[in-house]
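J.: Quick note, the sequences are listed as chains A and B, same order.
The numbering of the first sequence is the UniProt record's numbering, which starts it at 1 and goes up by one.
The numbering of the second sequence is the UniProt record's numbering, which starts it at 1 and goes up by one.
Below are the C-alpha cells for one structure; questions will follow.
Number of protein chains: 2
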Amino acid sequence: MIGEGLRLRHPRPEDQLRVLAVLDEWWGGLGGEAGSQQRALLLPRLYFQHFTTTSWLVEDADDRLVGFLIGFLSQTDTDAAYIHFVGVDPGLRRSGLARSLYQCFFDLAREHGRKRVHCITSPSNTTSLAFHTALGFLVEQGEKVVDGVWVQPDYDGPGLDRISFVRTL
Amino acid sequence: MIGEGLRLRHPRPEDQLRVLAVLDEWWGGLGGEAGSQQRALLLPRLYFQHFTTTSWLVEDADDRLVGFLIGFLSQTDTDAAYIHFVGVDPGLRRSGLARSLYQCFFDLAREHGRKRVHCITSPSNTTSLAFHTALGFLVEQGEKVVDGVWVQPDYDGPGLDRISFVRTL
Chain A
1 MIGEGLRLRH PRPEDQLRVL AVLDEWWGGL GGEAGSQQRA LLLPRLYFQH FTTTSWLVED
61 ADDRLVGFLI GFLSQTDTDA AYIHFVGVDP GLRRSGLARS LYQCFFDLAR EHGRKRVHCI
121 TSPSNTTSLA FHTALGFLVE QGEKVVDGVW VQPDYDGPGL DRISFVRTL
Chain B
1 MIGEGLRLRH PRPEDQLRVL AVLDEWWGGL GGEAGSQQRA LLLPRLYFQH FTTTSWLVED
61 ADDRLVGFLI GFLSQTDTDA AYIHFVGVDP GLRRSGLARS LYQCFFDLAR EHGRKRVHCI
121 TSPSNTTSLA FHTALGFLVE QGEKVVDGVW VQPDYDGPGL DRISFVRTL
C-alpha cells in the first residue's frame, strides 16, 4: 500500500527528535517560532515511548524520514481511536502516502475492535480540511461556523480553536 | 485517602478549560507567557476525552478544583503506566493531596497489571524532584549531571531537558 522504495515501521523513542527536526521544514514555517514550539510541545517523547504500536514512520531508500502518523486507541471509549499528528514530506504530497498512513491506522484500529476514528485540525488549515473530507471524515458540529465550516472555539485551550472530525470504520 | 470535604472523580472533556484556568495561578506564573502556553499545549483536550479512566480530579465542598492527575497506561509496554501532569492548589500543598493522587494512580495501574510507573519533570523544578524521590521514584541515568542530578538533554525536543523518573509498583 506504501509506495515503491518506501519502508513502513513503528516509531522508537529516538525517532522523536528526527520528527521534530523535519516538522518546521514540512510545515513551511507556519506560525513562525510560536508555531514551531507548538508543534514540538504537541509531540512530547511519550508518544514515541507509549503509543508506538498504533503509530507509523515511513522512510525512503536513503533512510530519510518522509512521513509519520502518531495515533492511539482511546482508553476511555473502547469504540474509538484517535489520530494525533500526521506529517508528510512536501515532495511526496499528492503521492497517496498520507492516505496510505491513514488506511494503515484504520486497519489497525479495526483489528482492535474500534468503530470510529477521531482527529482535529486548525481552522486555518484548509488543505487538511479537504484531505480529511475526501477520506470520509465528517466535521462535527461546533459552536460557530467559519468560512462555511463548523469550528469548536477554544477546543484545546483559550484561543486554540479546532475543527473536529470523526470517521466510521 | 483523600482529605475531608474533598471529592475525587474522573475528569470529563469540559474539565480541560477549568484545569488550564487554574494552572497559571498554581504554577505562580513560572516561565511567563511562554510557560503558560507550554502548560496549555501539554494538556490538549484529548487527555480529557481518551485517558479519563486513569486520570483524577479533586474538588472541594464548594466545587472548586483543588487538584488533578492526568495519567495513562502505556500501549507499547504493558508493564508500564505513565503520569503525564499533576497539579495541586498551592493552599493544599503539604496536605498529602498530591501523594494521595499518586497512590490512587498506583492502585489503578496495579489493577491493570502494570509493574512500573514513569514520569518526568523539568530540571529547574526542585520541589518536584524532592516530591518524587520521597514517593519512591528513582532518577533514571541521563547524559549529563546538573546540580548532582541526572538530566536527559533535549528529552522532549531541542532545549527541553527533563529529569526522568521510574518507580516499581
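Idealized CB from N, CA, C, for every residue including glycine.
Note that the coordinates shown come from a computational prediction; the quantities given were computed from them, not determined experimentally.
Rank A:Gly29, A:Asp77, A:His50 by C-alpha distance to the C-alpha of Ile70 of chain A and give the top, closest one.
T.: Among A:Gly29, A:Asp77, A:His50, the Cα nearest to that of Ile70 of chain A belongs to A:His50.
J.: When you compare the stretch 122–141 of chain B with the stretch 18–27 of chain A, are there three or more beta-carbon pairs, one atom per stretch, that lie closer than 8 Å?
T.: Not touching, per the Cβ criterion.
J.: Using DSSP bridges, identify the partner residues of Leu8 of chain A.
T.: Bridge partners of Leu8 of chain A: A:Val58.
J.: So, is Arg110 of chain B buried or exposed, given that buried needs 16 or more other C-beta atoms within 10 angstroms?
T.: Exposed is the call here.
J.: Under the DSSP definition of a beta bridge, which residues are partnered with Trp150 of chain B?
T.: Note: Trp150 of chain B sits in a beta bridge opposite B:Val145.
J.: Going by other Cβ atoms of all chains shown within 10 Å of its Cβ, with 16 needed for buried, is Asp63 of chain B buried or exposed?
T.: Answer is exposed; the Cβ neighbour count stays below 16.
J.: Residues of chain A with CB under 7 Å from Arg45 of chain B, in chain order?
T.: What Arg45 of chain B touches in chain A: Tyr155, Asp156.
J.: How would you list, in chain order, the residues of chain A whose beta-carbon sits under 8 Å from the beta-carbon of Leu42 of chain B?
T.: Near Leu42 of chain B (Cβ distances below 8 Å), the residues of chain A are Leu41, Pro44.
J.: I need the straight-line Cα distance from Ile83 of chain B to Asp156 of chain A, nearest angstrom please.
T.: Spanning the two alpha carbons is a distance of roughly 20 Å.
J.: Just the Cα atoms here: how many angstroms apart are Val19 of chain A and Lys144 of chain B?
T.: Taking the straight line from one Cα to the other gives about 23 Å.
J.: To the nearest angstrom, report how far apart Ser128 of chain B and Val117 of chain B are at their CA atoms.
T.: Roughly 16 Å between the two C-alpha positions.
J.: With a threshold of 8 Å on Cβ separation, who are the neighbours of Val166 of chain B within its own chain once the five nearest residues in sequence on each side are excluded?
T.: Correct list, in chain order: Arg116, Val117, His118, Phe137, Leu138, Glu140.
J.: What are the boundary residues of the beta strand (DSSP E) that includes Leu69 of chain A?
T.: First-last of the beta strand (DSSP E) with Leu69 of chain A: 65–73.
J.: What number of angstroms, rounded off, separates the C-alpha of Thr126 of chain B from the C-alpha of Ala81 of chain A?
T.: For Thr126 of chain B and Ala81 of chain A, the distance between alpha carbons rounds to 37 Å.
J.: What is the residue span of the beta strand (DSSP E) that Thr78 of chain B lies within?
T.: That residue, Thr78 of chain B, is in no beta strand (DSSP E); it is neither H nor E in DSSP.
J.: When the cut-off is 9 Å and only beta carbons count, does Ser122 of chain A lie next to chain B?
T.: Not closer than 9 Å to any Cβ of chain B, the Cβ of Ser122 of chain A fails to qualify, so no.
J.: Closest to Leu92 of chain A by C-alpha separation, out of A:Val58, A:Glu33, A:Thr168, would be which residue?
T.: Ranking the options by Cα distance to Leu92 of chain A, first place goes to A:Val58.
J.: Count the other CB atoms within 10 Å of the CB of Val146 of chain A; is the residue buried (16 or more) or exposed (fewer)?
T.: So Val146 of chain A ends up on the exposed side.
J.: Any Cβ of chain A within less than 9 Å of the Cβ of Tyr82 of chain B?
T.: Judged by the 9 Å Cβ criterion, Tyr82 of chain B is in contact with chain A.
J.: Gln38 of chain B and Leu41 of chain A look like a contact to me (Cβ under 8 Å); what is the Cβ gap, rounded to whole Å?
T.: With 8 Å as the limit, Gln38 of chain B and Leu41 of chain A qualify as a contact, their Cβ atoms being about 6 Å apart.
J.: State buried or exposed for Gly29 of chain A, treating a residue as buried only when at least 16 other CB atoms are found within 10 Å of its CB.
T.: So Gly29 of chain A counts as exposed.
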